[in-house]
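Enquirer:
Residue numbers (mature numbering (1 follows the signal peptide of the UniProt record, and there is no 0)): -21 to -1, 1 to 70.
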């Protein structure tokens, strides 16, 4: 019984952490007609030293799939309204 309670507590804590991580990458709810273009986001990424492979829209953010200056694959999240970086991941 103690193991079941402990497992439930661990899963609840993990789920809460994941939900909070999603909130941290929030890009707001700016209407799409106010967004910067994909080309502007690509230029921002290139100016940051990234070799852009693909740009997608995911959960209201621009996701830029690229390689950094060391050839490492990265995923950078940009706020579509102002072009600020709101999160990133790398291999």
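Glycine residues also receive a C-beta, built at the ideal position from the N, C-alpha and C atoms.
1. Can you tell me the Cα-Cα spacing of residue 16 and residue 31, whole angstroms?
2. Going straight from the alpha carbon of residue 27 to that of residue 6, what length do you get?
3. What do you get for residue 63, buried or exposed, if any count of 16 or more other CB atoms within 10 angstroms of its CB means buried?
4. By the DSSP assignment, the beta strand (DSSP E) with residue 45 in it spans what residues?
Expert: Reading off the structure:
1. 15 Å
2. 19 Å
3. exposed
4. 40 to 46
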